[in-house]
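Quick note, the sequences are listed as chains B and X, same order.
Residues are numbered in this note's numbering as their position in the first sequence, beginning at 1, plus a constant of 37.
Residues are numbered in this note's numbering as their position in the second sequence, beginning at 1, plus a constant of 7.
Heads up, the beta-carbon is just placed ideally off N, CA and C, and yes, glycines get one too.
Just so it is clear, the structure is predicted and the values come from calculations on it, not from any experiment.
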Amino acid sequence: MTQPLAVLLQCLLNVAIALLLSPLYEGLLRKVRAAIHSRIGPPVTQPYWDLLKLLGKEDLRSGGGAVYSSLPPLVLGSLLLLATLVPMGAAAPLAFAGDMIAVLYVAAMSSVLIMLNAYASGSPYASVGSSREMMMALSVEPILAIALVVGAFKAGTLALGGMTAFQVQNGPSISMTIAGLAFFLALQAQSGKLPFDTAEADQEIMGGPLVEQSGPRLALLRWAMWTKQLVLAFLLVEVFLPWPRFGILPVDLALSGVKVLVVLLVVELVDVVNPRVRIDQAMGYFVRVALASLSALAFAVIGK
Amino acid sequence: MSTEHEQILQAVRQVTAERSNGALLSATQPHADTLHFVVDKKAMRSVADGLFNQLHARFLISVGTDKRPLSGDFGILHVFSLDRDHVYVLLESPIAEDDLRVDSITPVVPGADWAEREFQDAIGVHPEGHPDPRRLLLPDDWPEGVHPLRRDFPYNFRPPAVENVRPKMRETPAGASVLPMGPFFPVLEEPAYWRLFVEGETIVGCDTRLFYNHRGIEKLGDSVLTYDQIPSLAERICGICGFIHSTCYCQAVEKAAGIQVPRRARYIRTIMLELERIHSHLLWLGIAGHIIGFETVLMQTWRIREPVMWLCETISGNRKTYGMNTIGGLRRDLPNDVRPELLSTLATIEKESIAVHNAIVGDSVLRARTEGVGVITSESARSVCVVGPPARASGVAIDARIDHPYAAYDEVPPRIVVQEAGDTWARVVVRVGELLESIRLVREALAALPGGPICAEINAGIPPDKVGVSVVEAPRGEAIHFVMTGGDNRPYRWRVRAPTYANLQALPAAVMHGTIADVPITLGSLDPCFSCTERVETIDRRTREVRVYSRAELLRMSRGNRLPGGAR
Chain B
38 MTQPLAVLLQ CLLNVAIALL LSPLYEGLLR KVRAAIHSRI GPPVTQPYWD LLKLLGKEDL
98 RSGGGAVYSS LPPLVLGSLL LLATLVPMGA AAPLAFAGDM IAVLYVAAMS SVLIMLNAYA
158 SGSPYASVGS SREMMMALSV EPILAIALVV GAFKAGTLAL GGMTAFQVQN GPSISMTIAG
218 LAFFLALQAQ SGKLPFDTAE ADQEIMGGPL VEQSGPRLAL LRWAMWTKQL VLAFLLVEVF
278 LPWPRFGILP VDLALSGVKV LVVLLVVELV DVVNPRVRID QAMGYFVRVA LASLSALAFA
338 VIGK
Chain X
8 MSTEHEQILQ AVRQVTAERS NGALLSATQP HADTLHFVVD KKAMRSVADG LFNQLHARFL
68 ISVGTDKRPL SGDFGILHVF SLDRDHVYVL LESPIAEDDL RVDSITPVVP GADWAEREFQ
128 DAIGVHPEGH PDPRRLLLPD DWPEGVHPLR RDFPYNFRPP AVENVRPKMR ETPAGASVLP
188 MGPFFPVLEE PAYWRLFVEG ETIVGCDTRL FYNHRGIEKL GDSVLTYDQI PSLAERICGI
248 CGFIHSTCYC QAVEKAAGIQ VPRRARYIRT IMLELERIHS HLLWLGIAGH IIGFETVLMQ
308 TWRIREPVMW LCETISGNRK TYGMNTIGGL RRDLPNDVRP ELLSTLATIE KESIAVHNAI
368 VGDSVLRART EGVGVITSES ARSVCVVGPP ARASGVAIDA RIDHPYAAYD EVPPRIVVQE
428 AGDTWARVVV RVGELLESIR LVREALAALP GGPICAEINA GIPPDKVGVS VVEAPRGEAI
488 HFVMTGGDNR PYRWRVRAPT YANLQALPAA VMHGTIADVP ITLGSLDPCF SCTERVETID
548 RRTREVRVYS RAELLRMSRG NRLPGGAR
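(1) Return yes when at least one heavy atom of the ligand NAD lies under 7 Å from the C-beta of A486 (chain X), else no.
(2) With a CB to CB cut of under 6 Å and the five nearest residues on each side skipped, what residues in its chain are close to D56 (chain X)?
(3) Please decide whether E544 (chain X) counts as near chain B, where near means a Cβ-Cβ distance under 8 Å.
(4) Counting only Cβ-Cβ distances shorter than 9 Å, please list the residues of the region 68-81 of chain X near chain B, keeping chain order.
(5) Between the region 180-194 of chain B and the region 246-260 of chain B, can you find at least three pairs of beta-carbon atoms closer than 8 Å?
(6) Taking all protein chains shown into account, do 16 or more other C-beta atoms lie within 10 angstroms of the C-beta of G189 (chain X), making it buried, or fewer, making it exposed?
(7) Using a Cβ-Cβ cutoff of 7 Å, what residues of the region 68-86 of chain B are near chain X? List them in chain order.
(8) So, at 7 Å on beta carbons, what are the nonlocal neighbours of M38 (chain B) in its own chain, with the 5 sequence-adjacent residues on each side left out?
(9) Measure from the alpha carbon of E464 (chain X) to the alpha carbon of each residue in X:W309, X:G265 and X:R374, then state which is nearest.
(10) Could you check where the beta strand (DSSP E) with V474 (chain X) kicks off and where it finishes?
(11) Could I get the ranges of all uninterrupted beta strand (DSSP E) runs contained in the region 49-127 of chain X, with 3 residues as the minimum, in chain order?
(12) Using a C-beta to C-beta distance shorter than 7 Å, which residues of chain B count as neighbours of E302 (chain X)?
(13) Excluding the 5 residues flanking T540 (chain X) on each side, which residues of the same chain have their C-beta closer than 7 Å to its C-beta?
(14) Anything in chain X within Cβ reach of M262 (chain B), meaning under 9 Å, just list it in chain order.
(15) Whole angstroms is fine: what's the gap from T69 (chain B)'s alpha carbon to L302 (chain B)'s?
(16) What ranges does the alpha helix (DSSP H) occupy inside the region 276-321 of chain B, keeping only unbroken runs of at least 4 residues that lie completely in it?
(17) With DSSP collapsed to three states, give me the class of Q36 (chain X).
(18) With contact counted as at least three CB pairs below 8 Å, one residue from each stretch, are the region 42-61 of chain B and the region 103-121 of chain B in contact?
(19) To the nearest angstrom, how far is it from the Cα of K48 (chain X) to the Cα of T209 (chain X)?
(20) Taking the beta carbon of N568 (chain X) as the centre, do at least 16 other beta carbons fall within 10 Å, making it buried, or is it exposed?
(21) What does L203 (chain X) pair with, by DSSP beta-bridge criteria?
(22) When burial is assigned at 16 or more other CB atoms within 10 Å of the CB, is E237 (chain B) buried or exposed?
(23) Given T355 (chain X), which residues of its chain have a CB within under 6 Å of its CB, disregarding the five upstream and five downstream residues?
(24) Taking the runs of the alpha helix (DSSP H) that are 4 residues or longer, which of them lie wholly in the region 192-225 of chain B?
(25) Are R483 (chain X) and G395 (chain X) closer than 8 Å when you measure CB to CB?
(26) How many whole angstroms separate the CB atoms of L533 (chain X) and P342 (chain X), which I take to be in contact at a CB cut-off of 8 Å?
(27) Show which residues of chain B have a CB atom less than 8 Å away from the CB atom of Q307 (chain X).
(28) Measuring only between beta-carbons, confirm whether I356 (chain X) sits less than 8 Å from chain B.
(29) Where do the ends of the alpha helix (DSSP H) carrying F250 (chain X) lie?
(30) Please report the residue range of the beta strand (DSSP E) in which P229 (chain B) lies.
(31) Determine which residues of the region 219-231 of chain B have a Cβ less than 8 Å from any Cβ of chain X, and write them out in chain order.
(32) Run through DSSP, which three-state label would M172 (chain B) get?
(33) Starting from G484 (chain X) and walking both ways along the beta strand (DSSP E), at which residues does that stretch end?
(34) Let me know if A513 (chain X) comes out buried or exposed under the rule of 16 or more other beta-carbons within 10 Å of its beta-carbon.
(35) Does P287 (chain B) have its Cβ less than 8 Å from a Cβ in chain X?
(36) Below 8 Å between beta carbons: does that hold for T308 (chain X) and V231 (chain X)?
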């Protein structure tokens, strides 16, 4: 097999995992949520049907312009690009094209695109939502950066694959554990879960950036959010919790998939037992998490 | 009557006489706990000032009545209450038809704001000096000078709509932008329109337009229905506190006519009222959780609430809208065999409510979201005349069950739950405390339930020209019904004030300088209850044709068989 074809196939694998499995994970999370609510809950396949239904619905538009009409596919696209930059069971297919710096940029890209889309819709709820989205991004992205920098420092490489390999070889360390925890706390906000879903906040600003989205556009944005939580959970699992590693792709992939499910279940549990905090409270919280995560860097410097 | 009670009445008489400065037209005492003063309208504001600011009476409601068929003029009547002393004070002025103006009392009694705007809309008496005399309850396209509560206005008359009108809203402050909330908004399931003036996320003011769904219930009561039919309508004023309104109406008529309700009926009313409070507070707790995104609280409290609904169904045949009240007592007895089910349900609810209470009190994030949020100060609560849990959470210890005992509350008195902070958290704590207290009250009333008849025999008719004021402590606060009896087997005037009417007026001050995120929970913490309709009316935009769908038609439509015609 020629090299480009192999890369292409790997990319397709990651994109397929992200696209096709993210609704399934969402469906499983909904079941857990329902159980805690004393409900039966919808069938696990419900998110697929939701997407199908939304895709077939009328596309009502509040605004015009190229920005407003082109952004939802780009949001989903940016997250699929992220999927190819993140290792899933094996080294990231596009690892040669982008290291952790690229990952951080692409992860931030989706937030920025959602904000732009919201501003273009012209709704006051959407603009309040996007200003909250921006504030959340500004306080949460640094935590992701710090956590990955710790990994890079330990492994001596900016490549995510290198970090995974280093972790597999050297086992857990204090600095990586702290960094992983910080990443996990940031994941709660990045996947738009309570108590940090202030940017959408249905009951306050009617879904914020999503308020003017309908039909296929809403479907793509929903899909993008489910993809985001899945891909970032994969990133967490692969970089900070890669053990055990067998070197056989299907086995490693399946194992990662299970670990991702566990991580997302914990995220969902936190979501279900918490009310929504205000944006100022959320920012204060993440500033403290960011400061605490700096200690991981200190441990990494002294080799722990 | 005790001498203490006599002294209070004497003090009220004295203040009224002094403040009216010779303009006192009459002073009567229709009931042991009610004083009725008629003063010249010149003295209205001064006397109201004396009652509210000197005697610290609480303002309840204004009643505007078209008395032209009786005495040739209009009547404006303000109802005050001396809560500690269990006394109502009615302050009335005749308003001549050729000079439909009266001094507004809002400058001295801020809580009279909406009440005065309402009688301006309803009967056309203008409150002079009112700080905000905009329309309150009439629709924006209602023509000027048409007042629906006048006697010569037929109940089914539809005046032609005025074209090209908009609600008169306040100017947006410089530098602020507008964030609309409603008339359709996720946590405001009922029609109300709030304009929040925001700078970034901070609220710098707000304006509101309500009464989109005004149903003209008072008009029906004094022109179409009879005394005996009104309880059914009163019960439908609210989908949650239905029994409260029918009880309150019946009590007002019973008081006006001097009907003694049998003791057993008073006890059963108490039990049903407290059951309503239990399920209403659980419902509220769930909604409050939902508002701040805490869906687990919503799901769990509503699961806990459900057995109460089944219990009410066992007792009355209906989950809600029991249809048990009638003037003089009840139409349906509490079956004796329901007792074991009632007690076991109460035990379960109590256990689960305590678990919810412990979970809530220990939740630091929940406290962070509600402490110091939406503060209503004690002064503000008193001046705007806030009622119920919001008042008690602001340190104003009023409770209609204690201040004006009705039903069997004189024999099974509740313990009042008071908090001082006035914030959303305090309102949560007050309601959870009341929930547990209500469970105790039902148990006590059930244990002491006497035998005997459930309805008084009413042989003579209900005499005309009598007044009766009745209050009932609804879960949301005090509901008031005022009845002036008429001659044709129906009230001449029936005035209803639901507790939300008083409490919503405190919202602008409570949300000021807060953030957008705090508005829904602050509003929710007042447990607002707007009007609800039980039928659907559609208007075809092209033909202006109005059509009312029946229940059967709606059922058929909901099952997928579209009806021909009508608006989509």
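With the given structure in hand:
(1) For the ligand NAD, the structure offers nothing, since it holds no ligand at all.
(2) V115
(3) Note that E544 (chain X) scores a pLDDT of 47, beneath 50, so its modelled location is shaky; the value from the coordinates is reported in the next line. No, E544 (chain X) does not count as interfacial toward chain B.
(4) none
(5) no
(6) buried
(7) I73, H74, S75 and R76
(8) Note that M38 (chain B) scores a pLDDT of 47, beneath 50, so its modelled location is shaky; the value from the coordinates is reported in the next line. Taken in chain order, the list of residues that qualify is empty.
(9) X:G265
(10) V474 to A481
(11) 65-73, 80-89, 94-103 and 108-110
(12) H74
(13) Unreliable positioning characterises T540 (chain X) in this predicted model, as indicated by a pLDDT of 33, which lies under 50. The coordinate reading is nonetheless provided below. The answer, listed in chain order, is N220 and R222.
(14) Result: empty, since nearest Cβ-Cβ is about 16 Å, beyond 9 Å.
(15) Correcting the residue type first, residue 69 (chain B) is Val in the shown sequence and not Thr. Approximately 8 Å, taken between the alpha carbons.
(16) 286-309
(17) strand
(18) yes
(19) 43 Å
(20) Bear in mind that the predicted position of N568 (chain X) carries a pLDDT of just 48, short of 50, making it too unreliable to give a figure here.
(21) X:L186 and X:C213
(22) buried
(23) none
(24) 197-207
(25) yes
(26) Wrong, their Cβ atoms sit about 36 Å apart, outside the cutoff.
(27) H74 and S75
(28) no
(29) G249 to A264
(30) Reading the sequence as shown, one finds Gly at residue 229 (chain B) and not Pro. That residue, G229 (chain B), is in no beta strand (DSSP E); it is neither H nor E in DSSP.
(31) L231
(32) helix
(33) G484 to T492
(34) buried
(35) no
(36) no
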